[in-house]
Amino acid sequence: MKKLINTAQSVVDEALSGMAAAHPSLRVHERVVYRASGPRAGKVGLVSGGGSGHEPLHAGFVGYGMLDAACPGEVFTSPVPDQIIEATRAVDGGAGVLHIVKNYTGDVLNFEMAAELCDDVEVASVLVDDDVAVEDSLYTAGRRGTGATLFVEKIAGALAEQGAPLAEVARVAAEVDERSRSFGIALTSCTTPAAGKPTFDLPEGEVELGIGIHGEPGRRRAAMASAHELATVAMEAIHGDLPLAGDLLVMVNGMGGTPLMELYVTFAEVEAFVRGKGARVTRSLVGNYVTSLDMQGFSVTVCRLDDELTRLWDAPVDTPGLRWGR
Amino acid sequence: MDIGFFVTWFKDAAEQIRLRRDHLTELDAAIGDADHGVNLDRGFTEVCKALEDWPPTAPAQALLTAGTTLIRRVGGASGPLYGSAFRAMGKALQDPVTLPGFAAAFEAGVVAVQRLGKAAPGDKTMIDALAPASRALTAATQEGLTPYEAFHRAAVAAEEGSRATIPMRARKGRASYLGERSVGHEDPGAASSALILGALAGVAVKEATKEVD
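Quick mapping for you: the protein sequence lines, in order, are chains A and B. Counting from 1 along the first sequence, just add 8 to a position and that's the residue number in the numbering used here. Counting from 1 along the second sequence, just add 2 to a position and that's the residue number in the numbering used here.
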């Protein structure tokens, strides 16, 4: 496997240097990515983070209308409490800070520890757990947090920008999560720089159904099929969990190694499926947003919108990874 | 068991983890995201460095330094879980260290992991290696065995506990998302716990040999 890197150990720091150099709106210090403009008095601060390897998540969503800071961990490894504490204190504008946490054991533990140690800042947390591929949730750590993280960061970010109090930002963030569902399919494994070989073997004729975002194997294998069939598998799984109805925000997300052409083919199938159920796609996103290094494949995330959420989704945003209306 | 005993334990554990780094990562690749060996190697290397930079003044302090370093440097689930375990052990450990005192402190460490990770025996986690090791230590204490014998039994119990995770279905952590597909693979957290207990037994052998000399 060829990788455009210097050393596996230096990948994360060097990527962050490059990001800071490419985007003057960002400031990177001690493995935390901040808005260069600093905290705004009276505005709720938004902090998220997680393993590196999901770019542009999370650092690419730092900026006006979204996050105030992101804490990138090692590749596929959650950040440590020190980073989260630094970020939380630095972005507090006196109105408190919301932690947006994906439901993976490591992320949950490290954010919990950081929140406990940050007793000088008012901290609220929202747990994102949108992945319908995870069954038996009574006996497991619960659903994974995947694509809906972007929806939560965008919508909560817009509300925070408008000056809403912490409790209100946290409530809307949790509501976005409750209204969102995701399902992912991998056509290939991915290769972490440290391991240097694919995380799992996936023969040419097979796909993994129900993958997360860390190159972990999915729920089961199936034969490779057309975009129509694969999109239908993903949409049936979502529809079976939260019936598609009304106005929907739909993201067809690339896992890092799939061309935009194929994502648009997939989006056409997803949109037709939604129409077939009598619902409407009123807002959409197609591209690489929550990736898994060089994995080929896609995930679909659907959020049932209402007027308030639509208005907040449309609000201006200005980050390296998402930008409109400003 | 003096300060040197604990520093040697961490150095040997770091060595064992470095030697078995790729194996741990392969176990993790089967049911997780293939970073357990790499992360623990980085963490234990940092622990050795911290113990050199800030030499502990008591056995308990060696454990606290190790635990804090793992929490601050590793990330993921293994950082907080191992870090909290060593910190809880450090807080419970009385000086001078006796075998019953060590066994009680070890038990406190296992309780901390269970509380933080919300995992129970049989969930296919590091608890499946740590809990039997703790029971073996306590039993050995009651039987009046030497530290060498007690740590050897604990290491064997951890090893057997780790192997016993192979047929289990994961209910906690990232492997739980695989459901039935997690069956048939040894849990990487249990495997690394067994390595750390193996290092403990190894240090006890060194100590026992030293006494004979």
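All residues carry an ideal CB built from backbone N, CA and C; glycine is no exception. Bear in mind the structure is a predicted one, so any value in this text is a computation, not a measurement.
Backbone secondary structure at Lys120 (chain B) - three-state DSSP: For the purposes of this step, residue 120 (chain B) is taken as the residue at position 118 of the second sequence. Three-state result, Lys120 (chain B): coil.
CB contact flag (Leu256 (chain A), Val294 (chain A), <7 Å): If you number the first sequence from 1, residue 256 (chain A) lands on position 248. If you number the first sequence from 1, residue 294 (chain A) lands on position 286. Not in contact: Leu256 (chain A) and Val294 (chain A) (Cβ atoms no closer than 7 Å).
Alpha-carbon to alpha-carbon, Arg35 (chain A) and Ala95 (chain A): Walking along the first sequence from the start, residue 95 (chain A) turns up at place 87. Walking along the first sequence from the start, residue 35 (chain A) turns up at place 27. Rounded to the nearest angstrom, the two C-alpha atoms are 12 Å apart.
Taking beta-carbon pairs under 8 Å, can you tell me which members of the segment 157-173 of chain A lie near chain B? none
Return the chain-ordered list of same chain residues with a C-beta closer than 7 Å to the C-beta of Val260 (chain A), the five sequence neighbours on each side being excluded. Position 252 of the first sequence, counting from 1, holds the residue named residue 260 (chain A). If we look at Val260 (chain A) and ignore the five residues flanking it on each side, its Cβ neighbours are Leu271, Thr274, Phe275, Val278, Val294, Phe306, Val308.
Helix or strand or just coil, what does DSSP make of Lys162 (chain A)? Along the first sequence, read from residue 1 onward, the residue named residue 162 (chain A) stands at position 154. Of the three classes helix, strand and coil, the one that applies to Lys162 (chain A) here is helix, per DSSP.
Taking Cβ positions only, does Pro211 (chain A) come closer than 7 Å to chain B? Indexing the first sequence from 1 puts residue 211 (chain A) at position 203. No, no contact with chain B.
Neighbouring residues, chain B, relative to Gly223 (chain A) (Cβ below 8 Å): To locate residue 223 (chain A), count along the first sequence from 1; it is residue 215. Within chain B, the residues near Gly223 (chain A) are Asp35, Ala36.
Beta-carbon of Thr85 (chain A) versus every beta-carbon of chain B: anything under 7 Å? In the first sequence, counting from the first residue as 1, residue 85 (chain A) sits at position 77. It does: the Cβ of Thr85 (chain A) has a partner Cβ on chain B nearer than 7 Å.
Using the Cα positions of Cys126 (chain A) and Ala141 (chain A), report the straight-line distance between them to the nearest angstrom. Reading the first sequence from its first residue, position 118 is the one you call residue 126 (chain A). Reading the first sequence from its first residue, position 133 is the one you call residue 141 (chain A). Their backbone Cα atoms lie some 34 Å apart in a straight line.
Ala77 (chain A) versus A:Gly61, A:Thr85, A:Glu237, A:Arg48, residue with shortest Cα-Cα distance: Reading the first sequence from its first residue, position 69 is the one you call residue 77 (chain A). Of the listed residues, the one whose Cα sits closest to Ala77 (chain A) is A:Arg48.
With a threshold of 8 Å, are at least 3 pairs of Cβ atoms found where one atom belongs to the segment 109-127 of chain A and the other to the segment 73-89 of chain B? yes
Looking at Gly191 (chain B) and Asp14 (chain B), is the spacing between their C-beta atoms short of 7 Å? As a first step, residue 14 (chain B) must be located in the second sequence, where it is residue number 12. As a first step, residue 191 (chain B) must be located in the second sequence, where it is residue number 189. Not in contact: Asp14 (chain B) and Gly191 (chain B) (Cβ atoms no closer than 7 Å).
Check Ser43 (chain A) in the structure and name its three-state DSSP category. Indexing the first sequence from 1 puts residue 43 (chain A) at position 35. The question names Ser, but residue 43 (chain A) in the sequence shown is Arg. Reduced to three states, the DSSP call for Arg43 (chain A) is strand.
What does a CB cutoff of less than 6 Å around Pro206 (chain A) pick up in its chain, not counting 5 residues either side in sequence? Taking the first sequence and counting its residues from 1, the one referred to as residue 206 (chain A) is at position 198. The residues are Ser197, Thr199.
What residues match up with Leu293 (chain A) in a beta bridge as DSSP calls it? On the first sequence, residue 293 (chain A) is found 285 positions in, with the first residue counted as 1. BP columns for Leu293 (chain A) point to A:Met259.
For Tyr112 (chain A), does the three-state DSSP call read helix, strand or coil? Along the first sequence, read from residue 1 onward, the residue named residue 112 (chain A) stands at position 104. Correct three-state label for Tyr112 (chain A): coil.
Looking at C-alpha atoms only, which residue of A:Ala287, A:Ala164, A:Arg228, A:Ser33 is the closest neighbour of Ser45 (chain A)? In the first sequence, counting from the first residue as 1, residue 45 (chain A) sits at position 37. Checked all of A:Ala287, A:Ala164, A:Arg228, A:Ser33; the closest Cα to Ser45 (chain A) is A:Ser33.
Taking only beta-carbon atoms, is Gly79 (chain B) less than 7 Å away from chain A? Locating residue 79 (chain B) in the second sequence gives position 77, counting from the first residue. One detail in the question is off: residue 79 (chain B) reads as Ala in this sequence, not Gly. Closer than 7 Å: yes.
C-beta neighbour in chain E for Ala210 (chain B), strict 7 Å: As a matter of chain content, chain E is missing from the structure shown, whose protein chains are A and B.
Kindly confirm or deny that the segment 194-202 of chain B and the segment 48-55 of chain B touch, where touching means at least three C-beta pairs closer than 8 Å. no
Please go through the segment 59-125 of chain A and give each complete alpha helix (DSSP H) segment of 4 or more residues, from N-terminal end onward. 89-99, 113-125
Presumed contact (8 Å Cβ cut-off) between Val59 (chain A) and Ser86 (chain A), rounded CB distance: In the first sequence, residue 59 (chain A) corresponds to position 51, counting from 1. In the first sequence, residue 86 (chain A) corresponds to position 78, counting from 1. A quick correction: the sequence has Gly, not Val, at residue 59 (chain A). The Cβ separation is near 6 Å, so the contact holds.
Spatially closest choice to Asp97 (chain B) from B:Tyr179, B:Gly34, B:Asp4, B:Leu202, by CA coordinates: Taking the second sequence and counting its residues from 1, one reaches residue 97 (chain B) at position 95. Asp97 (chain B) has its Cα closest to that of B:Asp4, out of B:Tyr179, B:Gly34, B:Asp4, B:Leu202.
Can a CB atom of chain B be found closer than 7 Å to the CB of Val88 (chain A)? By one-based count along the first sequence, residue 88 (chain A) stands at place 80. Chain B contact via Cβ: present.
Inter-residue spacing [alpha-carbon to alpha-carbon] between Ala135 (chain B) and Arg20 (chain B): For the purposes of this step, residue 135 (chain B) is taken as the residue at position 133 of the second sequence. For the purposes of this step, residue 20 (chain B) is taken as the residue at position 18 of the second sequence. Computed Cα separation, rounded: 22 Å.
When the Cα of Val76 (chain B) is compared with those of B:Ala177, B:Val9, B:Val40, which residue comes out closest? On the second sequence, position 74 is the one that residue 76 (chain B) refers to. Closest option to Val76 (chain B), Cα to Cα, is B:Val40.
In terms of alpha-carbon separation, which member of A:Val131, A:Ala98, A:Asp326, A:Arg39 lies closest to Val88 (chain A)? Residue 88 (chain A) sits at position 80 when you count from the first residue of the first sequence. Closest by alpha carbon: A:Arg39.
Quick test of the definition: if touching needs 3 or more C-beta pairs under 8 Å, does the segment 176-184 of chain B touch the segment 129-144 of chain B? no
Counting only Cβ pairs nearer than 7 Å, list the residues of chain A close to Thr27 (chain B). Within the second sequence, residue 27 (chain B) is the residue found at index 25, counting from 1. Within 7 Å Cβ-Cβ: Ala203.
Helix or strand or just coil, what does DSSP make of Thr274 (chain A)? Mapped onto the first sequence, residue 274 (chain A) falls at position 266. Three-state result, Thr274 (chain A): helix.
So if DSSP puts Glu216 (chain A) in a beta bridge, which residue, or which two residues, is it bridged to? Within the first sequence, the letter at position 208 stands for residue 216 (chain A). Its beta-bridge partners are A:Ala194, A:Arg229.
Using the beta-carbon of each residue, which ones in chain A are nearer than 8 Å to Arg75 (chain B)? In the second sequence, counting from the first residue as 1, residue 75 (chain B) sits at position 73. The answer, in chain order, is Val88.
Using the DSSP secondary-structure output, state which residues sit across from Arg189 (chain A) in a beta bridge. Here residue 189 (chain A) refers to the residue found at position 181 of the first sequence. According to DSSP, which records beta bridges pairwise, Arg189 (chain A) is partnered with A:Val310.
Would you say the segment 239-252 of chain A touches the segment 58-74 of chain B, given that touching needs at least three Cβ pairs under 8 Å? no
Best match in B:Trp11, B:Asp43, B:Thr10 for proximity to Leu26 (chain B) [C-alpha to C-alpha]: Locating residue 26 (chain B) in the second sequence gives position 24, where the first residue counts as 1. Per the Cα distances, B:Asp43.
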